[in-house]
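Numbered per our numbering, the sequence shown spans residues 4 to 347. By construction, the Cβ of each residue, glycine as well, lies at the ideal position given by its N, Cα and C atoms. Notes for the one structure printed next.
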Amino acid sequence: MRPRLTRRHFALFVLGALLVWFLAPPANPEPRDGRVLPGGVVVAWSPAYRVSFFGIERLHPFDIAKLDTIAANLEREGLVHDGDFWIPAAIGDDALAAVHDPAYLASLHDTPVLSQALEVPVPDVFPRSVVESRVRHAFRKAVGGTEIAVRGALAHGIGINVGGGFHHARPALGHGFCIYNDVAWGLHVARQEGFTGRVLIFDTDAHQGDGNHAAFANDPSVTTISLHGRRLFPHPRVPGDVDVELDPGITDAGYLEQLDAALSLAFEQPFDLVVHVAGSDVLSDDPLADLALTPAGLVERDARVFRAARSRGIPYVHLLAGGYGPSSASAQSASLASILRAAR
Ligand SMILES: [Zn+2]
């Protein structure tokens, strides 16, 4: 007798397919070199940047799938084609020990410690290998992306990582959704490869870049400048070379005025590399910040930092950092599109 396909069978099939889709990890393509785009631009990105933990990651307000959206938008605009993206390797603990305390790195293999740093309730019931492949791996790949962006900027002029900017990760502390400091790693690799120049880390994420401030506090070759909301995480501050405390509710005009002042001050000194930590959480609809920029204001912010570096012939690295609101993906797509067009 032939089994009859009932509505129940069909419902079970659909449920099973949905479950498979839901549980499937993101694609993890092999590392590869992409193409140097017109104007000397290297763009790093991998779908493996997306944290995927059986949907639990959705409890964090950071829509990590926004990076996929931004990459797709750049492709749709014809600015970056699929084979153009440089796909990074994941950076392991042995390598990261050059910029992080090894005991801290080991502590991240404890799910509760990792959970606290990421502010996501990762249940302590999964084998370590699952947490590695679903969570830490995504961050390791994005750290590799910043290495590519730094190397790309030094070789060709401009390096973009469609992700990264984990500016709260200190040498021995992870918090604020940041566990590995990608800027510290990227600069470490550049130094190993012979780069001896002066570096400006210019941080316009809405939150203070305490991780970079801490990582480079004793490095006179690196200047750290952060513009951030005065009431926002983290408190207490780790002082940087320059900290600009912005009032809640600041809008485009007031913000851009403070930005210009900070850029003028910064470029009183010469630099050989600028790293822009360009979070989109300055936007008015961001749920984790209290600044009030429009998408056009964000695009203008990024254009001004980009121009300040490139008009002086200084290699420029762009990292996406934080940004959690509904207009984040479209605003950052527009900003990267404007940089890619300006580079041409
Ligand atoms: Zn932020």
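Here the region 186-197 does not lie against the region 76-91, with fewer than 3 beta-carbon pairs under 8 Å apart. By the Cβ test, the region 261-281 is in contact with the region 195-208, since at least three Cβ pairs between them sit closer than 8 Å.
An exposed status is given to valine 17, since fewer than 16 other beta-carbon atoms sit within 10 Å of its beta-carbon.
Annotation: valine 134 to glutamate 260 spans about 44 Å, alpha carbon to alpha carbon. The DSSP assignment places complete beta strand (DSSP E) segments of no fewer than 3 residues inside the region 12-47 at 44-47, in order along the chain. Serine 229: not part of any alpha helix (DSSP H); member of the beta strand (DSSP E) spanning 225-232, first to last residue. Counting C-beta pairs closer than 8 Å gives three or more between the region 151-163 and the region 30-49, which meets the contact rule. The C-beta of proline 50 has 16 or more other C-beta atoms within 10 Å across all chains shown, which makes the residue buried.
Straight-line measurement puts the Cα of arginine 307 at about 13 Å from the Cα of alanine 269. Excluding five sequence positions before and after leucine 108, the CB atoms of its chain that fall closer than 8 Å to its own CB belong to Asp96, Leu99 and Ala100, given in chain order. Note that the region 167-174 touches the region 213-220; at least 3 beta-carbon pairs, one per stretch, sit closer than 8 Å. Annotation: the region 176-222 contains the following complete segments of the beta strand (DSSP E) (minimum length 3 residues), in chain order: 202-206. The beta-carbon separation of glycine 232 and alanine 265, rounded to 15 Å, does not stay under the 8 Å limit for a contact.
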